[in-house]
Every structure is written in C-alpha cells, then in structure tokens.
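K.L.:
Here you go, one structure.
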Amino acid sequence: MWEGIAAGLATAMDPANLAWVALGCLAGTLIGMLPGLGPITAIALMIPVSYSMEPAAGLIMMAGVYYGAVFGGSTSSILINAPGVASTVATSFDGYPMARAGQAGRALALAAYASFSGGVFGALALLVFAGALASWATAFQSPDYTLILILALSSIAAFAERGLVAKSCVAALLGLMLGTVGADPESGVPRFTFGRLDLMDGIAFILVAMATFALADAFHLLTRGGDDEPRTAAGRHVRLAPGDARAIVPTVGRNSVLGFLVGVLPGAGATLASFFAYTFEKRFTRNPACGVAAPESANNAACMGSFVPLLTLGIPGSGTTAVLLGVMLSLGIQPGPRLLAVDPGAFWGVIVSMFAGNLVLLALNLPLIPWLSRLIRISRPVLIPFVVAFSLVGVYLTTLNDFDLYLMVGLAAGALVLRRAGYPLAPLLLGFILSGMLEENLRRTLYLADGSWASLAERPLTVVLAVACLVVWIAPLWRRLRHRADAAGAS
Amino acid sequence: MPRLNSMPSAAARMALVGVLICGALGAPADDRVHFVIPVAPGGGVDGTAREVGRALDALGLAGSVSFENVGGGSDRALGLFVENEARFRDALLVHSTPLVIRNVQGLFPLGFRNLTPVAGLVADYGIFVVREDDPMEHWKAILQRLSDDPTSLIVGGGSARGSLDHIVLALALGAAGIDARRVRYLPYDGGGKAMLALLGGEIDLLSTGLGETLSFTRSGQVRVLAVTAPARVAAIADVPTLAELGYPVSFANWRGVFAPPGSPADTRGAHVRRLRALAASDAWQAALDRHGWQALDVFGLEFEAYLEDQEAVLRVTLSELGFSR
C-alpha cells in the first residue's frame, strides 16, 4: 500500500496534474455555484476536455470537477434558497435564514471551511480504508435501505417543532406522493402522468427544489408587498463570527465520519448524509453555525466516500458517479476490483490529488465570498426577478422541456399556498427526494418476504436500524408524555 | 453594480466554453454529426453515443460532432425526435433494445418503424452470474434447481420486470422448458446495484449485461455461468454460450443509431458509409475493448431486418411472461 501511495503522490504532485486538478476544481466549483447546475452538468461539460488527456490526468481532473461542484453547490442554497443538488438542500435550512439576517458571508465561510474539512477527511479516509470498505457497501440489503430511508424521513422531526407535527407529516406525505409520478420502477407502467410524455420520467428533483424553495420564496416576498426586511450593514460579515471556529470543530468532526460512511453506500449517499447530519446535529445544538457546517462537511465527505464503490467495485452509486464511470471507461481506466492491481498510479493518484484539490477549492472559494455575499444586499425589486430568472433557466437547462416551466410555476403557486397556511416546505422536498428509493427498496423487501413485514427484523444490521428508527420516532412522544406527567404532578 | 454580474457572466462563459468544446460552431452543416441521446449522461446508451462521436472526430469522418441529452425519459425523447423533423433533420438518435421492448409491451406507441434505422453498432450480451463460492457451478445446476422448484432461487436483474434482463432470463429458462413466470425476479436500478445485491447475498442469481459488470467478471468474486451470445466472447472466453450448452437461443442488447423518419435514401446512405468506415477502424475497436462491448455491425436494411427479427422474438417471450398487450 505504501508503495502505491508513494506512486500516487508522484502522480498527483506532477506539475501538469496539479494544474489539471486546479482547472477541474475551478470549473467544477464555478459551475456548481450556479443555481440549477450541479456536478452532473459540470462533468458532462468537461467530458470533451478529458478526451485528449492521459488517463490518470483525466481522472484526476474529472474527480476535481465532481468534488469542486459539490464544494460550490452550497452557494446558491445559502444565498437565494435555490439548492441545485439534493445534497445541499439541508444546507439551506440554516444557511438561508442566516444570509437573510445579514450574515451571508459568515454562512458562506462556514460552508467553505466545513466543505474543506469534510473533503480532506473524506480523502484521508479513502486513502486509508478504500480497500477495506468495499465490503461495507455490499453489507446493506433492501430491508436495511428501507429502514435507512425511514430514518432519514424521520428527520422531518427537525422541522416539526412548535406544534407543526401534523403539518410536517402532511407536507412529507405530499412530497412522497409527488415522487410517485412517472413510470413505475418495477414494471414501467405510467402512473399519474395524465397521458403526458413529459411526466413519464417523473418530476425532476431540480424542478421541485426550485419551485418549493427559491420560487415559492420569491412569490412569498412579492405578494407580501410593502415592508422589506431591514438589510443590515452586517452583510459585510465575510468571515466566521467569533466562537464559530471552536463551535464547529466537533460538528465537522462527527459529521465528516458520518458523511463518509453513508457516502460509501450506493444510492443517494451525499443527500442522505447531509439530511442525517443536519438532524443529528440539531439534537446537539441550536447554533445555526453548526446547522450549516454539519451538512456541508457531511456531503463533501460523502462525495469522497462515493469513490469507494466507484473505484473498488466499479459500481456507480449515483447519477453523478455513473457519468464519472463513463468518463473513466472512455479514458481506458477500468474501475473495479482489479483497478488497484492493474493501475495503481491512477487509483492512488486520484486519491492523493484530492488533498491538493481541496486546498485549491478553499483558496478559490474564500476570496469569492465578499463578492458573493453582496448579492444578498441587492434590493428586493432587483433580486427577486434575478432569482426567478435563475431558477427557471436552471430548470430549463437541466430538462430542456418547456412543460417543466409551467409545472414549476404551478408547483410554486401550490407551495406558496401551503406556506401561507403554515405548512413547512422542507419536509415536502425531503419526502420527494426519498420517495423513489423508499418505494423501490420497500417493494423489494416485501417481495422477498412474500409480503410479510417480518423481514424488517431478520438480520442483525436490520434489527439495529429498526431499533434506531423506533427510538427516533418514540423518543419525542415519550419526552412529551413525561413532560405532561411532570406538569400534572407539579400542579 | 457591474460586480454583481460576476456570476451570470461566469455562467455565460462556461456555457460558451461548453458549446465551443462540443464543436457545434463553425463547421459546415453537411459535415456535422449531431447525436440525440434519449437519456441523461451516464450509462451504456450515452457512452455509445459519446464513443461513436469521439471516434468519428478522431478519424476525421465528421467535421464536427455534438451531443444532446434529452431529459424526461426516452419516450419523450423519441416523441420529440419523430415529430420535429425540421429540427432533427441531420441528427442521429442513439437507442437500444428497450426501443423495441416498450413498443411490443404496448407501453409506448412509437418504435423503430417510426424511425430510419441506420446502424446497429454495439451488442451487449446477457450473462448469468452467481457468487464465486456458490455450489452451483454450472448453468445446468441452476436449471435443475429451478425445474424442481421455480421459486427456490431469487433472480435479480438491472432493469424492471418485463424489461431487458427479465426477458433474457425468460428466454434462457424457456429454452430449457422452465416457466419464467413462476421464477422470482427482483428488479434493481441498474446492473451495478444488482451486482452488489448478489455479492451481499440478497439474490442468488444475477441476469445482467456483460458491459455493465465487466470488471467483476474478471475479479474472481463472481462466476459467470453462461452468456447469451451466438459465439464465445473474447472478454470471457471460458464462459460457455447457451447454444453450446444445448439451448439454441441468443439475445443481444443492441445499441444503434437512427435517422429521423422518412430520411431520404442518400442521407441514410451517407450515414451508413460513414459508420461502416467507423466500424472498420482501430479507434472504434479500441473503444469497444475499453468498455467490454461486442461489435454488432449491421447497417441500413440489414439493421431493419435485425430489428424485425428481434421484435418477433420479443413478442413471443413477452406474451409468455404475460407482459404484452
């Protein structure tokens, strides 16, 4: 292994490769910052550049594009509440309110430092455990995924404070229902498409995210009229507040580990990781700084984790890694169990280059923060059309379907009504994101067990996950009951 | 205020770079090849389009090459391609076996008859895989188990019920007289995830395409029992074909290109000449090897006949599975 790492170090420190990783990170992070454009678009745009390159150099650059886009992805979530990828949705929960309160710079800086730490930790874990963790990826079966997804759904509890439990559940349910539109994953039969081909592939994530977050928010600000909230000079905060650094160190530490482990699982690694991180963190602290740092460190660590199944098994866990797999094959690199033996230079080279890549990303992102944070200080009459235009263009660039624009405006109007009625929209988006995977895994689970739910408690791993679910769901009830009993006893 | 524009102008620049890189600008229209890809980036169809384009470009067989991934599902892409003649006049649609399957299943009214078949370039054959430590070392052992009790094994595949991997399974079992409808088939989102389920022990047998799982077939963690190719495949030379085992069936997941409906004969002829030259080149052979694909090499009317044959096979198999309407 040490020889391999040394060879990888030599590959990664080659000046040409350093330049490629810097170029990849630059392109990735700039594309990732744009609302609506995520890692898939970034990688697809850079594919032609990679064709003429040496295999190892091409892989190093394209990996840089990927984690660079994840790194930059939080920007639009924080600034205009427009998460371009599912894994940055959780960042907007605390990041956007922070930006609205005049602390955009602080939120961006928190995201940058947390992303950097998560990325570096992920790369380190990849370096040490890449080989050993391949079996972790195969240990999880359909019942386990079902329970993990239910556990992730339970993070709606984080939004269900102050008597919003029922409304949160309704919103999550609506999200789950939206996720069932399109061809049935098991038989290909169309569901809820009203005969429209535009709905055959389901509703795009980016569409629902932009409609319920960015667009609904813009509509809300527009229709509320009159009183603009005070824009404070605090917008000049371009760095961490005093005490932030100390506060987020433990947050970043635990969520990097969590993110990496979840990221290794094929499926929606980075997305699940960021939701888990946010919920998990809310149990420790109410500090919004941690609410931004937790999902950001987790999703960047998860991004590194997703290289485990990709490199060691040759199996893409997500749409993004599927594109990356295609790139690797085109470059003549065959990822999989034999990559380490056949092409150690590429294997270790790409991992070692991630350290350099993350340094580049930090150096690129920090100086941009003062400029980006000015965005939030633009007056509403200018900012709102800007947000509306960007969300519409972002969706159109992804799906290239004008029907989606109407659908998006319609969904945003519906979201506005829900919002006015006091329904939180985050659970809706969460339900939508998890819907497809939950359905697929639950149906497989039930099929395997001939319709019996007992298989949810058969294997030790499944039992552990089931118990975790029960605890998460019952603990708040239990607390409330005890609270009530205490109150009764006192009176 | 100009500073605020730094984001949009970066966007414009990146988009411009993208367009320039794709080479969509500045070449004479007649020498341009534009690929319409009915799926998102990633996966076999997208990979085929990009490798064909890359090789055409490298060989100088096209002045410029561009790609367009149409989102919203392959049905929508097919509908757009068929109905917008003016926009796609010089374009080539890249598609694969599900084009025929969805049509035969009655899930979508358009099929290859609504297109002008130009060339079938790639064949990905079905393989049947077990874990390396599985006591069932031969395809015959699987057949024995399943004919004793069709529900005794759980078979996974990388596509929906009634779709490609399930059909290949049904064909192979049907040749041995086993009713595939009684065999438990579990669909996964792609051959990769199904392979993980095999390794993790959730399924006993995997029906998938060779290309998607090539690295595994060579890794020693799994054993390939049979391949649905008409002759042995070089990449897995020790794996017998079904025909060798005494079951005369073969089935390929083809990937090919189509011109819009009603393309004039000379347009089709020009595409065919270009792609024949591609198929004979070393650059294309290298691309096939990189991905573990096999050459199919059927052009023009041959391709059309090939599709008609496959349609007939699928009609029978799908009605046996109870999936056609």
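Protein chains in written order, with this note's numbering: chain A, 460 to 950; chain B, 526 to 850.
Don't be surprised by glycine CBs; every beta carbon is placed ideally from N, CA and C.
1. Determine, for A:N860, whether the minimum Cβ-Cβ distance to residues of chain B falls below 8 Å.
2. Within 10 Å of its beta-carbon, does B:N609 have 16 or more other beta-carbons around it, so buried, or fewer, so exposed?
3. In this structure, how does DSSP classify B:W818 when only helix, strand and coil are distinguished?
4. Could you tell me the distance, in whole angstroms, from the CA atom of B:G604 to the CA atom of B:P786?
5. Taking 8 Å as the threshold (C-beta atoms), are A:G764 and A:G581 in contact?
6. When the cut-off is 8 Å and only beta carbons count, does A:D660 lie next to chain B?
7. Report the residues of the segment 506-535 of chain A with a CB closer than 8 Å to any CB of chain B, ordered along the chain.
8. Secondary structure at B:F783, three-state DSSP: helix, strand or coil?
9. Buried or exposed: A:S850, going by 16 or more other Cβ atoms within 10 Å of its Cβ?
10. Nearest-angstrom Cα distance between A:L907 and A:I609?
11. When you check each C-beta in the segment 704-734 of chain A against every C-beta of chain B, which residues fall closer than 9 Å?
12. State buried or exposed for B:V619, treating a residue as buried only when at least 16 other CB atoms are found within 10 Å of its CB.
13. Could you work out which residue in B:V841, B:Y650 and B:A760 is closest to B:A705 when comparing CA atoms only?
14. CA-CA distance, A:L901 and A:R833?
15. Residue ranges of each alpha helix (DSSP H) run of no fewer than 4 residues wholly in the segment 524-572 of chain A, ordered along the chain?
16. Check B:H620 in the structure and name its three-state DSSP category.
17. Inspect the CB distances between the segment 636-651 of chain A and the segment 842-861 of chain A and report whether three or more fall short of 8 Å.
18. Would A:T605 pass as a contact of A:L897 if the rule is Cβ separation under 8 Å?
19. Say whether chain B places a C-beta atom closer than 8 Å to the C-beta of A:E645.
20. Going by alpha carbons, who is nearest to B:L584 out of B:Q835, B:R815, B:A820 and B:L803?
21. Closer than 6 Å by C-beta to A:P542: which residues in its own chain qualify, once you throw out the five before and the five after it? Chain order, please.
22. Report the neighbours of B:Q810 on chain A: residues whose CB is nearer than 7 Å to its CB, in chain order.
23. With a threshold of 16 other CB atoms inside 10 Å of the CB of B:R798, please say whether the residue is buried or exposed.
24. Starting from the Cα of A:P514, find the closest Cα among A:F588, A:P794, A:E740 and A:I539 and give me that residue.
25. Less than 6 Å between C-beta atoms, sequence neighbours within five positions excluded: which residues of the same chain meet that for A:D703?
26. Roughly how many angstroms separate the alpha carbons of B:C547 and B:L586, rounded to a whole number?
27. Where does B:R706 fall in DSSP's three states?
28. Roughly how many whole angstroms lie between the Cα atoms of A:N824 and B:V558?
29. For the segment 797-821 of chain B, which residues have a beta carbon sitting closer than 7 Å to at least one beta carbon of chain A?
30. Would you say B:R743 lies against chain C (beta-carbon separation less than 8 Å)?
31. Quick check on DSSP: helix, strand or coil for A:F849?
32. Alpha carbon to alpha carbon, what distance is there between A:S789 and B:A812?
33. From the DSSP output, which residues share a beta bridge with B:D649?
34. Of the choices A:R565, A:P796, A:A760 and A:F739, whose alpha-carbon is the least far from that of A:P829?
35. Do you know how far the Cα of A:L468 is from the Cα of A:D909?
36. Please tell me whether A:W854 has its Cβ less than 8 Å away from any Cβ of chain B.
P.N.:
Checking against the coordinates, here is how it stands:
1. By this cut-off, A:N860 is an interface position.
2. The residue in question, B:N609, is exposed, as its Cβ has fewer than 16 Cβ neighbours within 10 Å.
3. Note: B:W818 maps to coil in three-state DSSP.
4. Counting only the Cα atoms, B:P786 lies some 11 Å from B:G604.
5. Yes, the Cβ-Cβ distance between A:G581 and A:G764 is below 8 Å.
6. At least one chain B Cβ lies under 8 Å of A:D660.
7. Cβ contacts with chain B come from I506, P507, V508 and Y510.
8. The answer is strand: DSSP assigns B:F783 an E or B state.
9. With 16 or more Cβ atoms within 10 Å of its Cβ, A:S850 is classed as buried.
10. Each residue's alpha carbon lies about 19 Å from the other.
11. Within the segment 704-734 of chain A, the qualifying residues are P725 and G726.
12. Looking at its Cβ environment, which holds 16 or more other Cβ atoms inside 10 Å, B:V619 is buried.
13. Nearest option by C-alpha distance: B:V841.
14. Using only the alpha carbons, I get a separation of about 46 Å.
15. Correct list: 533-539 and 548-557.
16. Correct three-state label for B:H620: strand.
17. In the pairwise beta carbon analysis, the segment 636-651 of chain A is classified as not touching the segment 842-861 of chain A: fewer than three pairs are separated by under 8 Å.
18. Contact check for A:T605 against A:L897 passes: the beta carbons are separated by less than 8 Å.
19. True, the Cβ-Cβ gap to chain B drops below 8 Å.
20. The candidate whose alpha carbon is nearest that of B:L584 is B:L803.
21. Take A:P542, set aside five residues on each side of it, and the residues of its chain with a beta-carbon closer than 6 Å to its own are S536, V548, S551 and A668, in chain order.
22. Those within 7 Å of B:Q810 in chain A number zero; the least Cβ separation is about 13 Å.
23. Exposed.
24. When C-alpha distances from A:P514 are compared across A:F588, A:P794, A:E740 and A:I539, the shortest belongs to A:P794.
25. Around A:D703: A748.
26. Only weak support exists for where B:C547 lies, its pLDDT of 43 falling under 50; the value from the coordinates is given anyway. Rounded to the nearest angstrom, the two C-alpha atoms are 16 Å apart.
27. It is helical.
28. Going by the C-alpha atoms only, they are around 39 Å apart.
29. Answer in chain order: R815 and H816.
30. Judged by its chain identifiers, the structure shown contains no chain C, and its protein chains are A and B.
31. Note: A:F849 maps to helix in three-state DSSP.
32. Looking at the two C-alpha atoms, the distance is approximately 7 Å.
33. According to DSSP, B:D649 shares a beta bridge with B:N778.
34. Shortest Cα-Cα distance from A:P829 to any of A:R565, A:P796, A:A760 and A:F739 involves A:R565.
35. Looking at the backbone, the Cα of A:D909 and that of A:L468 are separated by about 52 Å.
36. It is worth fixing the name first, because residue 854 of chain A is Val in this sequence and not Trp. So no, A:V854 is outside the interface.
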